[in-house]
Amino acid sequence: MVNPRVNLPSLHPAQRRIADHPARFKAVCLGRRAGKSALITNLVCKGAVNGKSIGVFVPQYRMISEIWQTIVLLLNEIKIEANKTEGIIRLPDTGGRIKFFSLENETAGRGEKFHEIYLDEIAFAKDNFEFQWSTAIRPTLTDYAGSAMACSTPNGISDENFFNRICNDADTYWTVFKAPSSSNPYLPKDELDLIKRRTLPLIWLQEYQAEFLNMNSATFFPLEYFLGEGGIPELLPEMFGGMFAVIDTALKASVSHDSTAVLYCAYQPPTHLQPQKVFIVDYDIRQIHGSLLIDYLPEVQARLEECIREHKAKWGNLGIFVEDKGSGTVLLGQSIRTGVETKAIPSHITALGKDDRAMAASPYVAGGQIKISQYAYNKMIDNKGSYKNHLLSQIMNFRIADKASHTRSDDLLDTLTYAAILACGTGDYF
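Per the numbering used here, numbering through the sequence shown is continuous, rising by one, with the last residue being 568.
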């Protein structure tokens, strides 16, 4: 077998420290953009060029594509045989091979033998991965007394999370390496400083500092981010660009189910001095039976028009946005009968889970772009026998990765995250 030369990108010092360490089992905890993927692809290519059999495992099949393309590109100077359908790349001149697996297949790796295996984004594997590792994957290293590297950004603290355990258990046999995003010398310091200012503390610590945090032990959206100096609502501008409403609807009969919530928002367009802002000027939440649905949209529109006049929104009504799934689809259909124009929230936003939407909205909240008016801050209403400010309650009680979320009302929180993404995201929805 010949040993061809392949020009691989140089590793930066933090990556080099990990790559050169002699440990057999390495748990590599890195912040976002610290160079985790580059480290893996570099080592995978180097091993295959040296005639080794390499296994690459990812939590979901869709995650294979990017790392596959990168490796094929890095190896383009030498002869390879790549079969993406089978998930295997062979190097006939060296005898090396790289095989890819999705952990969605619980028998992934059975019958194989590897010199090296790489577990990419392993913090996002299913909670039962410990069993999969022990019974299907770890045995693939037996023939060659092979090595393993588990790489990821943290994903909370849980005894069921494999990556959390191998990084933090006192009796772990894994050698743990940790590096924040700033360990990558190619990331602009000014950009990281900007991200820190515009990111919620919990997200900054987990995603960029590579800290393991109990994300459901504290309020995800601290209330002070929605307020002005001194912890009181900001004074509203004398005039706004426009007004819009966001509806999260549920047609239920039992008081234990979700309610229909609406958020009335004032939109302030960006200037050369500051980004766009959203002021929550009013909200409502209630249970609605199907027979009353036809009256609901005209009521929302009437209140939105009141807000337009009250807050001098020069562009007027920017839209009533409704989630286009479940009972929201019914509500969108009712708009034709009632003559009230509605807009479906884009499917790529509604397809996100509740936690993912909160993550997507978090930069705008942390950046001070989402504010609550004095009126909405003080408003108390009754819903399902509970008289309180439901908006503030849902904001303060929301937790990421909360396994009891199905027992909690988050309808207004959903409208808030939708509003933040619609108004401050990259799409032009107005």
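Glycine included, each C-beta is placed from N, C-alpha and C at the ideal position.
None of these values were measured; they are calculated from a predicted model.
Starting from the C-beta of residue i, find all residues in its chain whose C-beta is less than 6 Å away, skip the five residues before and the five after it, and write them out in chain order.
i      : result
THR357 : MET534
ILE305 : It is Cys, not Ile, that sits at residue 305 in the sequence shown. Within the same chain, CYS305 has close Cβ partners ALA165, CYS167, VAL314.
ALA317 : ALA152, LEU168, ALA172
GLN439 : VAL478
TYR515 : PRO371
Residues in its own chain within less than 7 Å of residue i by CB, not counting five upstream and five downstream?
i      : result
GLU242 : GLN198, TYR199
VAL182 : ILE192, VAL194, ILE209, ILE236, TYR256
SER180 : For the sequence presented, residue 180 should be read as Asn rather than Ser. Closer than 7 Å at the Cβ level, and outside the excluded window around ASN180, lie LEU146, PRO147, LEU149.
Straight-line CA distance for residue i to residue j?
i      : j      : result
HIS395 : LYS522 : Unreliable placement is indicated for HIS395, whose pLDDT of 49 sits below 50; the coordinate value is still reported in the next sentence. Each residue's Cα considered, the two are about 9 Å apart.
THR310 : ARG162 : 13 Å
GLY491 : ASN302 : 22 Å
ASP420 : ARG248 : 57 Å
GLU128 : ILE458 : Since the first and last residues shown for the chain are 139 and 568, residue 128 lies out of range.
LEU325 : PRO501 : 19 Å
LYS251 : SER285 : 11 Å
TYR282 : TRP312 : 18 Å
LEU338 : ASN352 : 14 Å
THR280 : SER272 : 12 Å
ALA561 : VAL416 : 7 Å
GLU367 : GLU461 : 34 Å
HIS449 : MET377 : 6 Å
PRO413 : GLY379 : 13 Å
SER240 : SER175 : 16 Å
LYS390 : VAL400 : With a pLDDT of 42 at LYS390, under the threshold of 50, the modelled position of that residue is not reliable, and no figure is offered here.
LYS452 : ASN322 : 46 Å
ILE333 : GLY506 : 13 Å
LEU551 : ASN188 : 53 Å
Quick check: residue i and residue j, are their CB atoms within less than 9 Å of each other?
i      : j      : result
ASP549 : THR398 : yes
PHE536 : PHE364 : no
ALA499 : ALA539 : no
GLY233 : GLY185 : no
ALA274 : GLU254 : no
LEU574 : GLU215 : Since the first residue of the chain shown is 139 and the last is 568, residue 574 is not available in this structure.
PHE568 : TYR402 : no
LYS571 : TRP206 : Because the chain spans 139 through 568 in this model, residue 571 falls outside it and cannot be assessed.
THR553 : VAL384 : yes
According to the neighbour-count rule (16 or more other Cβ atoms, all chains shown, within 10 Å of its Cβ), is residue i buried or exposed?
i      : result
GLY169 : buried
PHE269 : exposed
ILE226 : exposed
TYR346 : buried
SER511 : buried
THR278 : buried
ILE178 : buried
THR555 : buried
ARG495 : buried
Taking the DSSP output, what are the residues bridged to residue i?
i      : result
ASP520 : TYR525
VAL416 : TYR405, ILE508
SER296 : According to DSSP, which records beta bridges pairwise, SER296 is partnered with nothing at all.
TYR256 : VAL194, MET287
LEU490 : LEU490 pairs with nothing; no bridge assigned.
GLY96  : Only positions 139 to 568 of the chain appear in this structure, which leaves residue 96 out of reach.
LEU279 : According to DSSP, which records beta bridges pairwise, LEU279 is partnered with nothing at all.
Excluding the five sequence neighbours on either side, which residues of its own chain have a C-beta within less than 8 Å of the C-beta of residue i, listed in chain order?
i      : result
VAL393 : Its pLDDT being 40, under 50, VAL393 is placed unreliably in this model, and the coordinates cannot settle the point.
ILE260 : PHE195, PRO197, PHE267, ALA288, CYS289, SER290, PHE300, PHE301
LEU330 : SER319, SER320, TYR346
PRO407 : GLY379, GLN414
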